[in-house]
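>
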Amino acid sequence: GRARENGKYYSVDFTLAEIKSLSLSERFDPETQQPIYPNRFPATEYDFKIPTLEEE
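First residue of the sequence shown: 2, per this note's numbering; consecutive thereafter.
#1: Would you report the Cα separation of GLN35 and GLU27, rounded to the nearest angstrom?
#2: Suppose the cutoff is 6 Å on Cβ atoms and the five residues either side in sequence are ignored; what does the same chain contact list for LEU25 look like?
#3: How about PHE42: is its C-beta nearer than 8 Å to some C-beta of chain B?
#4: Taking Cβ positions, are LYS21 and ILE51 nearer each other than 8 Å?
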């Protein structure tokens, strides 16, 4: 895998295409399956992208 010896992952270990393929979801409580911060991002209303400086 890509985890370093310390068990962590770093962005420099991934390609730009891999980073751009990431998606985001709100954190959920594993026991209740309810969002930790229910009013932060509406579940269907966000589509965050990771732009490059050239794309900005």
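Each residue gets a CB set at the ideal place from its N, CA and C atoms; glycine is no exception.
This is what the structure holds:
#1: Taking the first residue of the sequence shown as position 1, residue 35 is located at position 34. Taking the first residue of the sequence shown as position 1, residue 27 is located at position 26. Looking at the two C-alpha atoms, the distance is approximately 10 Å.
#2: Start at 1 with the first residue of the sequence shown, and residue 25 comes out as number 24. Excluding residues within five positions, the ones whose Cβ falls inside 6 Å are PHE49.
#3: Here chain B cannot be found, since the structure has a single protein chain.
#4: As a first step, residue 21 must be located in the sequence shown, where it is residue number 20. As a first step, residue 51 must be located in the sequence shown, where it is residue number 50. Yes, Cβ-Cβ distance for LYS21 and ILE51 is below 8 Å.
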